[in-house]
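Numbering (UniProt numbering), first residue to last: 1 to 98.
Read through the structure below, which is laid out as structure tokens, and then see the notes.
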């Protein structure tokens, strides 16, 4: 075990400006210790094991990149709840000014 202590967790909490109770210090030190131990096990993998991104082989998972006709602008805008100047009209968000 890597032995992450309460003091280590308290130090991390201070750096992150987090208020952590005594009970949380105990809980987090155990959790962080388990995480560090699990991640450190990666180093135990033999060098002859190839890296993998998928556990099940996948081949040809993408469709061919081909152009296809799309909707004309006027047809697409006809289905919109609101349109303006040839574009979809949507509500302003985040108080943005024009």
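Glycine included, every Cβ here is placed at the ideal spot set by N, Cα and C.
All figures in this text were calculated on a predicted structure; none of them were measured in a lab.
key: Enclosing alpha helix (DSSP H) for residue 75 [first to last residue]   = 73–78
query = Can you name the start and end residues of the alpha helix (DSSP H) that residue 29 belongs to?
reply = 22–40
key: Run of the alpha helix (DSSP H) containing residue 56, from where it starts to where it stops   = Note, residue 56: premise wrong, no alpha helix (DSSP H); not H, not E.
request  = Could you tell me whether the stretch 11–18 touches the stretch 33–48, using the rule of 3 or more Cβ pairs below 8 Å?
outcome  = no
query = Candidates 36, 75 and 9: which alpha carbon is nearest residue 28's?
reply = Per the Cα distances, 9.
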